[in-house]
Amino acid sequence: MANPIPMMKRSVIITLVLLLACASAPLHAAVKPNSLFSDGAVLQRDLPLKVWGTGAEGEKVTVSFQGQMVSTTARNGQWVVALRPLKLGPAETMTVAGENKVEIKNVLVGDVWICSGQSNMQFAVEAALTGKAAIAAADDPQLRLLTVPRMAKDEPQTETQAAWSECTSQSVPKFSAVAYFFGRDLRKHLNVPIGLISSNVGGTPAEAWTDKQTLDSNPLLKPILDRHAQDLASFDPVKFGEYVKATREKYQQEAEAAKAAGKPVPKGPRINATPAADNKRPSGLYNAMIAPLKPYAIKGAIWYQGESNVADPKTYQTLFPAMIGNWRSVWGQGDFPFLFVQIAPHKGMTPELREAQLASWKSVPKTGMVVITDLGDSENIHPKHKEPVGGRLALAARAIAYGEKLEYSGPVYQSKAVQGNKVVLAFSHVGTGLEAKGGELKGFEISGADHQYVPAQATVAGASVVVSSPSVTAPVSVRYGWSNVPDVNLWNKEGLPATPFRTE
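For the sequence shown, the positions run 125 to 628 when the numbering used here is used.
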């Protein structure tokens with residue numbers, strides 16, 4: 125009789141048999157909707173709606189919602205269905221069924237807005253000037269919030285780990301203040317469910333929110349990619365490690381000295397990320413925080429950014445419209461409304477960047493710009509007046525996205541006419557009239573052919589402003605609010621300030 129198989133060999137054989145059995149068995153993966161379709165979601169009304177997710181190869185997937193039932197087959201682990209446009213109604217449950225069944229509960233149909241940009245969009249409700257009162261009154265089950273995790277990636281992502289929540293005094297404190305006030309005002313005026321997707325990161329430039337193909341295909345923007353490639357190539361990890369070590373050792377010495385002297389310990393050092401890990405790197409935030417959102421149907425986008433591009437306003441004048449076009453292209457919804465905030469007055473923010481934003485508004489269809497010359501802080505790049513910013517964005521949305529007949533902008537320079545020693549300026553967005561808020565008009569300068577500007581006298585004349593100076597007898601050009609922290613007061617009677625400009 126043959127010897128029995130030794131115990132160790134027997135266990136190895138059993139393991140191999142089990143592995144072979146598993147390999148030959150059909151693979152099953154539970155059908156799973158994309159994380160954007162979570163309990164409490166808001167789905168965009170009046171547009172074809174795509175619902176997508178993952179499943180096993182060849183698995184039949186059926187999505188049921190609002191009386192519709194649409195099926196497809198998973199291919200390469202992915203599936204997508206298209207629902208006919210949805211209508212307003214009470215909260216319902218969406219069912220996604222394959223070999224398993226997923227129920228997405230408390231789903232509303234309304235309007236969805238992406239709320240993006242840098243730190244002034246990230247700025248939380250709890251830190252806003254009126255944040256305490258807003259939080260106390262925040263409960264609204266028809267207003268839903270979703271915050272995209274803040275990160276950058278080198279390749280476009282298809283999933284973001286985020287979930288919807290109803291707006292309550294518990295969910296809103298850390299949420300974007302500008303976005304919340306915008307959504308709250310839309311809820312008040314439209315009385316429809318509103319979903320806000322907060323996708324923003326402080327200290328980031330517009331190129332980080334733009335896809336690589338858009339940057340690479342534009343000769344004026346490709347140098348952004350080239351510079352990043354150079355930074356990657358020249359990065360020395362050894363020198364960087366030495367720098368980090370020296371910086372931390374210096375801080376430790378300073379902290380210990382402060383403790384010994386009974387003084388407050390200084391804040392820890394801020395060490396810049398490596399080029400490969402920097403949130404500012406081109407396309408990184410687009411890949412991780414915008415790409416995963418498409419093609420979730422939306423009404424439009426609001427945007428508050430520009431501070432990190434202030435050093436190169438000329439490029440921004442190309443970059444910003446290109447970014448808007450990039451988003452619109454990948455969503456496939458045409459020119460959805462895109463509303464943005466002109467940067468606030470601050471000692472480091474130049475009028476040339478505001479001019480680039482103004483030019484973008486004028487050149488890109490279905491955009492709107494909110495002017496906040498009255499809401500800045502010369503010393504703090506994060507002014508706390510966020511409620512009126514959100515309110516003005518909501519006003520622009522009501523006009524541009526919803527077609528209400530109302531004035532949503534302050535005066536915008538249109539043309540000039542030289543009449544002797546005076547310049548007569550014409551404006552659009554006059555509303556029911558121009559006014560000098562709080563006294564005589566200020567903030568205007570005038571120059572002759574030498575382009576040497578001097579302070580000017582300015583008066584409202586109907587829908588125009590007349591500008592002159594005794595020292596300029598043959599005027600050529602005028603500018604208004606042309607400083608980092610403009611002291612200006614031209615408004616329309618609808619209560620909206622004029623944008624800075626120059627006639628050159």
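C-beta atoms are modelled at their ideal positions from N, C-alpha and C, and glycine is treated no differently.
From a predicted model like this one, the values you see are computed outputs, not experimental measurements.
Can you list, in chain order, the residues of its chain whose CB lies under 8 Å from that of residue i, leaving out five sequence neighbours each side?
{"i": "Met-125", "result": "Interpretation of Met-125 is limited by its pLDDT of 41, a score under 50 that renders its predicted location unreliable; the figure taken from the coordinates is listed afterwards. Result list for Met-125: empty, nothing under 8 Å."}
{"i": "Arg-452", "result": "Gly-458, Asp-459, Phe-460, Phe-462"}
{"i": "Arg-169", "result": "Pro-209, Leu-210, Lys-211, Leu-212, Val-233, Gly-234, Asp-235, Val-316"}
Compare the C-alpha of residue i against each of the options and name the closest.
{"i": "Ala-198", "options": "Lys-156, Pro-469, Gln-538, Ala-521", "result": "Lys-156"}
{"i": "Glu-618", "options": "Glu-531, Asn-411, Thr-196, Asp-501", "result": "Glu-531"}
{"i": "Gly-327", "options": "Gly-492, His-506, Ala-412, Asn-315", "result": "His-506"}
{"i": "Asp-264", "options": "Cys-291, Gln-192, Ala-206, Gly-386", "result": "Cys-291"}
{"i": "Gly-555", "options": "Ile-259, Ala-262, Gly-586, Ala-421", "result": "Gly-586"}
{"i": "Pro-343", "options": "Lys-540, Thr-442, His-313", "result": "Thr-442"}
{"i": "Met-431", "options": "Phe-189, Ala-573, Pro-329", "result": "Residue identity differs from the one stated: residue 431 is Glu in this sequence, not Met. When each option's Cα is compared against that of Glu-431, the closest is Pro-329."}
{"i": "Asp-350", "options": "Val-272, Lys-336, His-313", "result": "Lys-336"}
{"i": "Trp-486", "options": "Thr-623, Leu-210, Val-231, Asp-309", "result": "Correcting the residue type first, residue 486 is Lys in the shown sequence and not Trp. Cα-wise, what sits closest to Lys-486 is Thr-623."}
{"i": "Glu-183", "options": "Phe-551, Gly-201, Phe-364, Ala-260", "result": "Gly-201"}
{"i": "Ala-541", "options": "Val-600, Val-596, Val-204", "result": "Val-600"}
Excluding the five sequence neighbours on either side, which residues of its own chain have a C-beta within less than 7 Å of the C-beta of residue i, listed in chain order?
{"i": "Ala-145", "result": "Low per-residue confidence applies at Ala-145: pLDDT is 39, beneath 50, and the placement is therefore not dependable enough to give any value."}
{"i": "Leu-140", "result": "Residue confidence is low: Leu-140 scores 41 on pLDDT, short of 50, so the model does not pin down where it sits. No coordinate-derived value is stated."}
Would residue i and residue j qualify as a contact pair, given that the criterion is a beta-carbon distance under 8 Å?
{"i": "Gly-472", "j": "Val-434", "result": "yes"}
{"i": "Gly-288", "j": "Arg-268", "result": "According to the sequence provided, residue 288 is Trp. The question's Gly does not apply to it. Yes."}
{"i": "Lys-174", "j": "Ala-206", "result": "yes"}
{"i": "Leu-482", "j": "Phe-359", "result": "no"}
{"i": "His-553", "j": "Asn-613", "result": "no"}
{"i": "Val-591", "j": "Ala-598", "result": "no"}
{"i": "Ala-332", "j": "Ser-407", "result": "yes"}
{"i": "Phe-568", "j": "Val-602", "result": "yes"}
{"i": "Leu-160", "j": "Gln-457", "result": "no"}
{"i": "Ser-295", "j": "Ile-228", "result": "no"}
{"i": "Leu-549", "j": "Val-589", "result": "yes"}
{"i": "Met-218", "j": "Phe-189", "result": "yes"}
{"i": "Asn-403", "j": "Glu-283", "result": "no"}
{"i": "Gly-234", "j": "Val-166", "result": "yes"}
{"i": "Ala-370", "j": "Gln-281", "result": "no"}
{"i": "Ala-455", "j": "Leu-320", "result": "In the sequence on display, residue 455 carries Trp and not Ala. The answer is no: Cβ separation not under 8 Å."}
Starting from residue i, follow the alpha helix (DSSP H) in both directions and report where the run begins and ends.
{"i": "Asn-244", "result": "243-246"}
{"i": "Ile-524", "result": "511-524"}
{"i": "Gly-449", "result": "437-455"}
{"i": "Trp-615", "result": "Careful: Trp-615 lies outside any alpha helix (DSSP H), inside the beta strand (DSSP E) at 614-616."}
{"i": "Leu-320", "result": "Element bounds for Leu-320: not the alpha helix (DSSP H) but the beta strand (DSSP E), 318-324."}
{"i": "Val-368", "result": "361-384"}
{"i": "Lys-256", "result": "255-260"}
{"i": "Leu-482", "result": "475-487"}
{"i": "Phe-305", "result": "301-314"}
Between which two residues does the beta strand (DSSP E) holding residue i run?
{"i": "Ala-573", "result": "Run containing Ala-573: none; DSSP gives neither H nor E here."}
{"i": "Thr-197", "result": "192-197"}
{"i": "Gln-581", "result": "581-585"}
{"i": "Gln-266", "result": "264-271"}
{"i": "Tyr-537", "result": "536-543"}
{"i": "Ala-425", "result": "424-428"}
What residues in its chain sit with their C-beta under 6 Å from that of residue i, if we drop five residues either side in the sequence?
{"i": "Ser-148", "result": "Note that Ser-148 scores 36 on pLDDT, short of 50, meaning its location in the model is unreliable and no value can be drawn from it."}
{"i": "Ala-154", "result": "Asn-224"}
{"i": "Asp-309", "result": "Gly-515, Ala-518"}
{"i": "Ala-421", "result": "Gln-168, Leu-171, Leu-173"}
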